[in-house]
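2 protein chains.
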Amino acid sequence: MSEMNEILLSLTQELRRGTIVLSVLSQLNEPQYGYTLVKNMEDKGVSVDTNTLYPLLRRLEKQEILISEWDTDGSKPRKYYKRTEFGDAVYLKLLQQWREMTDSMEKLLNN
Amino acid sequence: MSEMNEILLSLTQELRRGTIVLSVLSQLNEPQYGYTLVKNMEDKGVSVDTNTLYPLLRRLEKQEILISEWDTDGSKPRKYYKRTEFGDAVYLKLLQQWREMTDSMEKLLNN
Chain A
0 MSEMNEILLS LTQELRRGTI VLSVLSQLNE PQYGYTLVKN MEDKGVSVDT NTLYPLLRRL
60 EKQEILISEW DTDGSKPRKY YKRTEFGDAV YLKLLQQWRE MTDSMEKLLN N
Chain B
0 MSEMNEILLS LTQELRRGTI VLSVLSQLNE PQYGYTLVKN MEDKGVSVDT NTLYPLLRRL
60 EKQEILISEW DTDGSKPRKY YKRTEFGDAV YLKLLQQWRE MTDSMEKLLN N
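For the protein sequence lines, the chains are A and B, in the order given.
Using numbering that gives the first Met the number 0, the letters of the first sequence map in sequence onto residues 0 to 110.
Using numbering that gives the first Met the number 0, the letters of the second sequence map in sequence onto residues 0 to 110.
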C-alpha cells in the first residue's frame, strides 16, 4: 500500500468512526436484528463491520439508549434492538450536533 | 453533569474528532500561524483546542502533508504552516471522502 493510501485510509476511518453511533441510532426507531441493520445501512452506502457493531449495540444497551428483546420464533433465537425513549432524546440531540457540525464544515470548506 | 449530557458530550467529541484534520487542511492552502488558524476556524464555528492542534500540525509535517517555516521578523520567531503538494492531493481525496460520507449519512438520516 502506498504512503498516500495508508494515510488516507487512516484519516477516512477516523472520519467515519465518529458517525457510527448516529448512523445506528437513526435506524433503530424500529426494532432490527444486527444482521438486517448492517444490510439496511449498506444499502444506503454506509458500511459497518459486525465486529464494531455488536459491541456498540451492547454498549448502547448498557447506557439505556437501546433496548433489546429476544425473538425465539425462528429455529434459533435472535436479538433485536430499538431505541428507548431516552435513546430518542439522545438521537435527536446528536442529530442536531451533526447538523451544526456539517454546517460549520461547509463554511470552512467553501472558503 | 447529567448522564444525558455526559453521553452527548462524548458522542459529539467523537463526531468532531474525525473532522479536525480535514478542517485544518482546508485552511492551509495559505501559510498560517497556529494562533491565527485557531482564530480563523473559530470565526467559522469550528473550535479546536491548541493542545490538539499543535501536536497535529507536527504530525502532519512529519507525514509531509504540511511544511513549516519560521518567521523571524517579529520580536519572537513564529512558525507558520501550509500544505505541500502532497498535502494538496491528500486534502482533495479526503474532501471527496467527506462528501461521499455526508451524502450517505443524509440518505440514512432522511429515511
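Glycine included, every Cβ here is placed at the ideal spot set by N, Cα and C.
**Prompt:** Any C-beta of chain B sitting closer than 9 angstroms to the C-beta of K106/A?
**Reply:** yes
**Request:** Would you verify that the beta carbon of W69/B is, or is not, closer than 9 angstroms to some beta carbon of chain A?
**Result:** no
**Request:** Would you please state the rounded distance, in angstroms, between the beta carbons of K78/A and W69/A? I believe it to be under 8 angstroms.
**Result:** 6 angstroms
**Chain-ordered neighbours of S22/A on chain E, where CB pairs are closer than 8 angstroms** = Annotation note: the requested chain E is absent from the structure, which comprises protein chains A and B.
**Item:** K61/A to E41/B span [Cα, whole Å]
**Value:** 35 angstroms
**Message:** Just checking: is the beta-carbon of G73/B within a distance shorter than 9 angstroms of some beta-carbon in chain A?
**Reply:** no
**Asked** Between the C-alpha atoms of K92/A and V20/A, what's the straight-line distance to the nearest angstrom?
**Response** 12 angstroms
**Message:** Taking contact to mean 3 or more Cβ pairs, one atom from each stretch, closer than 8 angstroms, check whether the segment 22–42 of chain A and the segment 45–65 of chain B are in contact.
**Reply:** no
**Prompt:** By DSSP, does D67/B sit in helix, in strand, or in coil?
**Reply:** Looking at the sequence provided, one finds Ser at residue 67/B rather than Asp. In this structure, S67/B counts as strand in the three-state DSSP scheme.
**Message:** How far does the beta strand (DSSP E) with K75/B in it extend, from its first residue to its last?
**Reply:** First-last for K75/B: undefined, no H or E at that position.
**Asked** CB Q96/A to CB T11/B, shorter than 9 angstroms?
**Response** yes
**Message:** What does the Cβ neighbour count give for T18/A, buried or exposed, with the cut at 16 atoms within 10 Å?
**Reply:** buried
**Message:** Please list the terminal residues of the continuous alpha helix (DSSP H) segment that includes D48/A.
**Reply:** No alpha helix (DSSP H) contains D48/A, which DSSP labels as neither H nor E.
**Request:** Locate the alpha helix (DSSP H) running through E13/B, then write down its first and last residues.
**Result:** E2 to R16
**Request:** Closer than 8 angstroms, Cβ to Cβ, to anything on chain B: give me those residues from the segment 80–101 of chain A, in chain order.
**Result:** F85, A88, V89, K92, L93, L94, Q96, W97, E99, M100 and T101
**Asked** For Q95/B, which three-state DSSP category applies?
**Response** helix
**Request:** Below 8 angstroms CB to CB, which residues in the same chain sit around S74/B once its five sequence neighbours on both sides are set aside?
**Result:** none
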